[in-house]
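Novice: From first to last, the protein sequence lines stand for chains A and B. Quick note on numbering: the numbering used here labels position 76 of the first sequence as 76, and the sequence is numbered without any gaps. Count along the second sequence from 1, add 107, and you get the number used in the numbering used here. Backbone N, C-alpha and C fix where the C-beta goes; we use that ideal spot for every residue, glycine too. Please find one structure pasted underneath; my questions will follow.
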Amino acid sequence: KNEVEQSPQNLTAQEGEFITINCSYSVGISALHWLQQHPGGGIVSLFMLSSGKKKHGRLIATINIQEKHSSLHITASHPRDSAVYICAGKEPDKLIFGTGTRLQVFP
Amino acid sequence: DSGVTQTPKHLITATGQRVTLRCSPRSGDLSVYWYQQSLDQGLQFLIQYYNGEERAKGNILERFSAQQFPDLHSELNLSSLELGDSALYFCASSSGVLQEQFFGPGTRLTVL
Chain A
1 KNEVEQSPQN LTAQEGEFIT INCSYSVGIS ALHWLQQHPG GGIVSLFMLS
51 SGKKKHGRLI ATINIQEKHS SLHITASHPR DSAVYICAGK EPDKLIFGTG
101 TRLQVFP
Chain B
108 DSGVTQTPKH LITATGQRVT LRCSPRSGDL SVYWYQQSLD QGLQFLIQYY
158 NGEERAKGNI LERFSAQQFP DLHSELNLSS LELGDSALYF CASSSGVLQE
208 QFFGPGTRLT VL
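If you want it as structure tokens, here you go:
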């Protein structure tokens, strides 16, 4: 059974701090989605990556295929980054979701 | 705005009833996925359609069914509703099976 494990479950930070969220996945998953879910419930796709590194603004996602591990980094965190971050492993026909990391950034 | 639309935004109904949730994918996307997010279970994959054909099934109950129409919009039908069906239902679309998925705003279903 393919699995996706995420850590930490909860994370608090002061504005400006560098944040890392980790995701490990099992064999059979070909790519990783990073998603952001705001308190209102909407889900935004941040990245999908199957190798290397992607950057968008203050967000950076990396993936290590050999170690089956991905990280999401947020540089210079801001209170508006407060959300639940979810990694999802991509099987051919569906996503398998991690349990999410609840991030709170305080001013 | 992801380009994926879902209606209605909120739905309140009673046990035993039947509801239909609608999803319009991004322009040009052929794949539609349905997901359920309940408080105690997190996000769960329900079903996927590709260009009108069912492609994959996940944890979808027999009381639930879906279809994708020739114009590529999709509907998720939930029948004989139970209290436990209360959840957020998301659809997502992608241009192909291996492509990034983009999520709609969700439909919040409350069963009383």
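With a 10 Å radius around its C-beta and 16 neighbouring C-beta atoms as the bar for buried, classify B/Leu-194 as buried or exposed.
Specialist: A small correction: the amino acid at residue 194 of chain B is Ala; Leu does not occupy that position in the sequence shown. B/Ala-194 comes out buried.
Novice: How about B/Ser-109 and B/Phe-209: are their beta carbons less than 8 Å apart?
Specialist: Contact flag set, yes.
Novice: Note down, in chain order, each residue of its chain lying with its Cβ closer than 6 Å to the Cβ of A/Tyr-111, except the 5 sequence neighbours on either side.
Specialist: As shown, chain A starts at 1 and ends at 107. That puts residue 111 of chain A outside it, with no answer to give.
Novice: Rounded C-beta distance between A/Thr-101 and A/Gln-6? I'm assuming under 8 Å.
Specialist: Indeed, because the Cβ distance is near 6 Å, the residues count as touching under 8 Å.
Novice: Pair every Cβ in the region 144-157 of chain B with every Cβ in the region 178-194 of chain B, then say whether three or more of these pairs are closer than 8 Å.
Specialist: Contact holds: three or more Cβ-Cβ distances are below 8 Å.
Novice: State the Cα-Cα distance for the pair A/Lys-53 and A/Ala-13, rounded to the nearest angstrom.
Specialist: Approximately 24 Å between the Cα atoms of the pair.
Novice: For the beta strand (DSSP E) containing A/Thr-101, name the first residue and the last one.
Specialist: Note, A/Thr-101: beta strand (DSSP E), 101-106.
Novice: Are the C-beta of B/Pro-132 and some C-beta of chain A separated by less than 8 Å?
Specialist: Cβ-Cβ to chain A under 8 Å: no for B/Pro-132.
Novice: If you measure from the beta carbon of B/Leu-150 to each beta carbon in chain A, is any gap under 8 Å?
Specialist: For B/Leu-150, the answer is yes, since a Cβ of chain A falls inside 8 Å of its Cβ.
Novice: So that I know if they touch, is there some Cβ in chain A lying closer than 8 Å to that of B/Arg-129?
Specialist: With 8 Å as the cut-off, B/Arg-129 does not count as an interface residue toward chain A.
Novice: Could you tell me which chain B residues have their CB closer than 9 Å to the CB of A/His-56, listed as they occur along the chain?
Specialist: Those do not exist, as A/His-56 stays about 12 Å from chain B at its closest Cβ, beyond 9 Å.
Novice: With distances taken Cα to Cα, identify the nearest neighbour of B/Arg-129 among B/Asp-192, B/Trp-141 and B/Thr-120.
Specialist: With distances taken between Cα atoms, B/Arg-129 lies closest to B/Trp-141.
Novice: Alpha carbon to alpha carbon, what distance is there between B/Leu-219 and B/Thr-114?
Specialist: Cα-Cα distance, rounded: 20 Å.
Novice: Within 8 Å of any Cβ in chain A, is that where the Cβ of B/Arg-162 sits?
Specialist: Closer than 8 Å: yes.
Novice: Check whether the Cβ atoms of A/Val-84 and A/Gln-9 sit closer than 8 Å, and answer yes or no.
Specialist: No. Outside cutoff.
Novice: If B/Arg-125 and B/Val-111 are in contact, beta carbons under 8 Å, what's the gap, nearest whole angstrom?
Specialist: At roughly 24 Å, the Cβ-Cβ gap does not stay under 8 Å, so B/Arg-125 and B/Val-111 are not in contact.
Novice: Consult DSSP for B/Gly-191 and reduce its assignment to one of helix, strand or coil.
Specialist: The answer is helix: DSSP assigns B/Gly-191 an H, G or I state.
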